[in-house]
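Structure first, then comments.
Residue numbers (the working numbering), protein chains in the order written: chain R, 397 to 757; chain Y, 41 to 306.
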């Protein structure tokens with residue numbers, strides 16, 4: 397019985413007649429402050445560039461809504477494009493751009509009702525843009541522009557944003573029969589209560605519509621990373637892009653070199669490191685005093701524990717105590733050991749990177 | 041698979057054709073075509089609100105008949121309305137309304153399934169409102185060129201900048217639509233055999249990405265062109281509408297109809 401309902405409610409565009417005039421008016425009133433703030437912010441940020449930027453981007457969003465997107469499983473779906481709009485333009489421009497596209501869709505192409513423009517803009521343009529932006533920024537963090545993490549962030553942002561929009565629409569549908577009915581008790585507007593409206597709406601969005609939004613958001617971000625990374629920078633203020641990453645890497649190399657040069661400072665430290673004892677230290681009076689001094693004046697056992705004795709000969713380091721046997725200077729030995737250790741770690745990491753397909757970030 | 045590309049091309053062409061036909065009808069002779077756009081926007085919007093507010097099915101049905109008469113008098117073919125508005129709305133809203141006949145609790149009126157009177161009324165309200173409101177909003181677009189609709193929005197205190205953006209967006213929809221169409225046709229002409237699903241998804245994503253790059257580039261070019269013509273952020277619209285005696289008559293007619301329907305449909 398609910399199959400056709402599920403299929404048809406898989407769109408967020410609310411037509412005329414589904415919501416009461418009072419609900420529509422409330423959602424127009426709810427959307428108005430967001431439109432106002434977006435307009436003010438856009439005027440400040442873009443000045444004369446605002447009109448052409450918003451116009452062309454709203455036209456782009458309109459066309460994207462017409463794309464048939466092939467989805468996993470062999471079906472196709474339509475996206476709203478709210479994820480990619482919020483990622484490329486930021487939330488405020490996205491609110492206005494998607495709203496303009498929705499208004500033209502409703503008035504000129506009859507997709508979505510005229511009385512429901514406020515509701516559709518509130519659900520898709522406002523909730524969708526803010527949710528997509530927040531999720532994208534949260535998951536992407538400061539990852540470099542070319543990072544695969546940004547593709548995942550975009551996909552999740554698009555998917556969650558469109559599902560939150562659908563949930564808002566489902567709640568708006570679901571409260572209608574509770575509030576509005578005629579003298580016989582027949583619902584005057586959307587007839588299904590919350591316990592039917594929410595699953596009917598969400599099944600379509602958690603599957604088809606959500607996947608469509610995910611495919612287009614992640615796919616376009618992956619494309620832009622390769623072809624036009626500058627378009628992703630507006631919403632990635634702290635991102636380490638390629639140049640920045642190179643700069644950070646250079647600073648990192650300098651820090652490693654300084655630390656390497658400072659390694660002989662380790663010899664200046666008095667006493668021995670706690671727990672790093674050799675079996676012979678337990679029978680050496682001076683070493684025993686040092687162990688007791690760093691162990692709260694507790695006297696160590698008179699001979700090395702059996703386990704320590706057994707394992708001490710299990711492995712002999714090539715450079716015991718960071719001092720290659722052929723070197724007389726302990727400082728230079730320390731430095732050489734540090735260089736050898738760092739080089740080995742780098743080699744291991746390079747090999748691991750090679751095994752993982754050269755992907756970084 | 042070329043089916044995916046063909047379907048996208050078909051939907052892009054359909055949108056383009058629909059806009060061209062709407063413009064053609066809007067410039068033809070007819071009852072509503074001769075009315076001041078401000079009167080039409082205000083009058084038809086008032087009727088749509090009344091349709092949404094009515095609590096009587098008979099009022100909604102009467103307004104549907106009024107909308108159909110207005111369409112016939114305005115050179116809008118019934119067949120076109122049926123294809124563009126009535127059938128899609130009936131299929132879409134009908135599928136949503138159908139389960140309500142059985143699921144809405146109320147007085148059972150027979151039938152093998154538990155059909156209720158309240159369920160039937162709920163479905164009738166939903167379909168009636170959706171059909172009537174869609175017909176009225178289609179009438180506005182089919183009898184008024186889009187730039188005039190936008191200029192008329194000023195009477196609702198719609199900010200001038202939004203009116204300008206709506207106008208430019210409408211223009212660039214067709215520019216970008218043409219670009220998208222050319223991209224898909226170019227791809228179709230180079231596609232032999234069946235594309236695997238992952239390749240189809242990659243194609244759709246890269247098409248959307250290319251379109252986005254081109255759009256951003258285009259907005260930069262449009263901005264420079266506007267600046268070169270002296271644009272400094274101020275927008276002026278030419279208000280060349282003049283209300284005649286006939287327009288006042290139509291305004292009174294819309295007002296009376298809306299008020300009567302509102303009172304009757306309480």
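Note that beta-carbon positions come from the ideal geometry of N, C-alpha and C, so glycine has one too.
Alpha-carbon to alpha-carbon, residue j and residue i
i	j	result
residue 418 of chain R	residue 68 of chain Y	37 Å
residue 122 of chain Y	residue 104 of chain Y	13 Å
residue 259 of chain Y	residue 552 of chain R	28 Å
residue 192 of chain Y	residue 207 of chain Y	12 Å
residue 280 of chain Y	residue 187 of chain Y	12 Å
residue 282 of chain Y	residue 204 of chain Y	21 Å
residue 170 of chain Y	residue 133 of chain Y	7 Å
residue 618 of chain R	residue 454 of chain R	21 Å
residue 623 of chain R	residue 212 of chain Y	23 Å
residue 145 of chain Y	residue 274 of chain Y	57 Å
residue 739 of chain R	residue 651 of chain R	15 Å
residue 221 of chain Y	residue 285 of chain Y	46 Å
residue 292 of chain Y	residue 168 of chain Y	25 Å
residue 257 of chain Y	residue 590 of chain R	45 Å
residue 88 of chain Y	residue 112 of chain Y	18 Å
residue 402 of chain R	residue 558 of chain R	Because the pLDDT of residue 402 of chain R is 36, which lies under 50, any placement of that residue in the model is unreliable, and the number read from its coordinates should be weighed accordingly. Distance between the alpha carbons of residue 402 of chain R and residue 558 of chain R is about 16 Å.
residue 60 of chain Y	residue 537 of chain R	46 Å
Three-state secondary structure (DSSP) of residue i
i	result
residue 77 of chain Y	helix
residue 467 of chain R	coil
residue 660 of chain R	helix
residue 587 of chain R	coil
residue 683 of chain R	helix
residue 172 of chain Y	helix
residue 580 of chain R	coil
residue 473 of chain R	strand
residue 133 of chain Y	helix
residue 144 of chain Y	coil
residue 156 of chain Y	strand
residue 632 of chain R	coil
residue 250 of chain Y	helix
residue 271 of chain Y	coil
residue 414 of chain R	coil
residue 114 of chain Y	coil
residue 296 of chain Y	helix
residue 522 of chain R	helix
residue 67 of chain Y	coil
residue 516 of chain R	helix
residue 701 of chain R	coil
residue 674 of chain R	coil
residue 568 of chain R	helix
residue 601 of chain R	helix
residue 258 of chain Y	helix
residue 401 of chain R	Unreliable positioning characterises residue 401 of chain R in this predicted model, as indicated by a pLDDT of 37, which lies under 50. The coordinate reading is nonetheless provided below. Residue state, collapsed to three classes: helix.
Contact set for residue i: own chain, Cβ-Cβ below 8 Å, skip 5 residues either direction
i	result
residue 794 of chain R	Residue 794 of chain R lies beyond the stretch modelled for chain R, which goes from 397 to 757, so this question has no answer here.
residue 684 of chain R	677, 678, 695, 696
residue 450 of chain R	438, 489, 492, 493, 496
residue 414 of chain R	509, 512, 569, 572, 585, 586
residue 165 of chain Y	97, 100
residue 110 of chain Y	71, 72, 179
residue 399 of chain R	Reliability fails at residue 399 of chain R, whose pLDDT of 35 lies under 50, so the model's placement of it is uncertain and no value is given.
residue 535 of chain R	545, 548, 549, 552, 553
residue 564 of chain R	518, 519, 523
Spatial neighbours of residue i in its chain, beta-carbon cut-off 7 Å, leaving aside the 5 residues before and after
i	result
residue 75 of chain Y	287, 290
residue 394 of chain R	For residue 394 of chain R there is no data in the structure shown, the boundaries of chain R being 397 and 757.
residue 219 of chain Y	251, 254
residue 184 of chain Y	66, 77, 80
residue 201 of chain Y	275
residue 620 of chain R	627, 628
Same chain, Cβ closer than 6 Å to residue i, neighbours up to 5 away in sequence not counted
i	result
residue 756 of chain R	Note that residue 756 of chain R has pLDDT 39, beneath the 50 cutoff, so the model's placement of it is unreliable and no number is given.
residue 693 of chain R	none
residue 542 of chain R	621
Whole-angstrom C-beta distance between residue j and residue i, which should lie under 8 Å
i	j	result
residue 45 of chain Y	residue 228 of chain Y	5 Å
residue 107 of chain Y	residue 176 of chain Y	5 Å
residue 90 of chain Y	residue 305 of chain Y	7 Å
residue 162 of chain Y	residue 140 of chain Y	5 Å
residue 592 of chain R	residue 143 of chain Y	7 Å
Counting beta carbon pairs with one atom in the segment 165-180 of chain Y and one in the segment 416-433 of chain R, are three or more of them shorter than 8 Å?
no
Using 8 Å as the Cβ pair cut-off and three pairs as the minimum, do the segment 553-568 of chain R and the segment 523-537 of chain R touch?
yes
If the cut-off is 7 Å on Cβ atoms, which residues from the segment 245-273 of chain Y count as contacting chain A, listed in chain order?
Among the protein chains of the structure shown, namely R and Y, there is no chain A.
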